[in-house]
């Protein structure tokens with residue numbers, strides 16, 4: 007199983023679909039936006055950290071269901087490392103309590119466990135195409151995209167990652 011990891015708006019979905027077509031393996035598309043909508047939330051809104059952690063857990067659960075439902079080897083446009091990067095991007099000194107920190111540490115472990123369970127290969131997709139805003143998607147802010155990309159670079163070299 008191959009997981010593409012990277013910031014939003016960098017072409018992960020397009021690349022994963024093209025690879026799936028060329029190699030005849032299954033493409034598993036994740037749906038963070040759909041999960042946000044299911045819970046009456048929006049990916050364009052900045053939430054309090056506890057709310058962000060709630061929705062990121064739901065996104066992880068939805069993605070894992072999709073990975074498990076795959077019939078064979080697959081490629082996907084988002085891994086738990088992506089979800090972890092977006093969660094970490096919202097951590098600030100003033101917006102997390104010690105209880106939030108404990109919940110975050112559990113979430114970090116869940117993300118690494120899920121990544122190791124579902125993926126043999128992780129491919130980092132760096133920003134490199136024109137950034138285009140898309141209604142209903144996370145903001146196409148170049149600074150935020152770079153922030154996420156740099157967080158991901160750190161996550162993929164963490165010793166907990168076995169993929």
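Numbering (our numbering), first residue to last: 7 to 169.
Where a beta carbon is used, it is the ideal one built from N, C-alpha and C, also for glycine.
Item: Residue 15 burial status per 10 Å Cβ neighbour count (16 or more: buried); Value: buried
Item: Straight-line Cα distance separating residue 99 from residue 83; Value: 31 Å
Item: Distance, residue 32 Cα to residue 21 Cα; Value: 13 Å
Item: Contact set for residue 151: own chain, Cβ-Cβ below 8 Å, skip 5 residues either direction; Value: 13, 14, 15, 16, 133 and 137
Item: Neighbourhood of residue 9 by C-beta distance below 8 Å, restricted to the same chain and skipping five residues each side; Value: 81, 82, 84, 85, 87, 121, 124, 125, 127, 128, 129 and 169
Item: Under 9 Å between C-beta atoms of residue 34 and residue 58; Value: no
Item: Beta-bridge partners of residue 9, as assigned by DSSP; Value: 82 and 128
Item: Residue 2 in three-state terms, based on DSSP; Value: The displayed coordinates of the chain run from 7 to 169. Any statement about residue 2 would go beyond what the structure contains.
Item: Neighbourhood of residue 165 by C-beta, 7 Å cutoff - its chain only, sequence neighbours within 5 removed; Value: none
Item: Whether residue 53 touches residue 96 by CB criterion (9 Å); Value: yes
Item: Per-residue burial, residue 36 [other beta carbons within 10 Å of its own, 16 or more giving buried]; Value: buried
Item: Same chain only: Cβ atoms within 7 Å of residue 109, ignoring 5 sequence neighbours per side; Value: 59
Item: Residue ranges of each beta strand (DSSP E) within the stretch 17-61, 3 or longer; Value: 32-34
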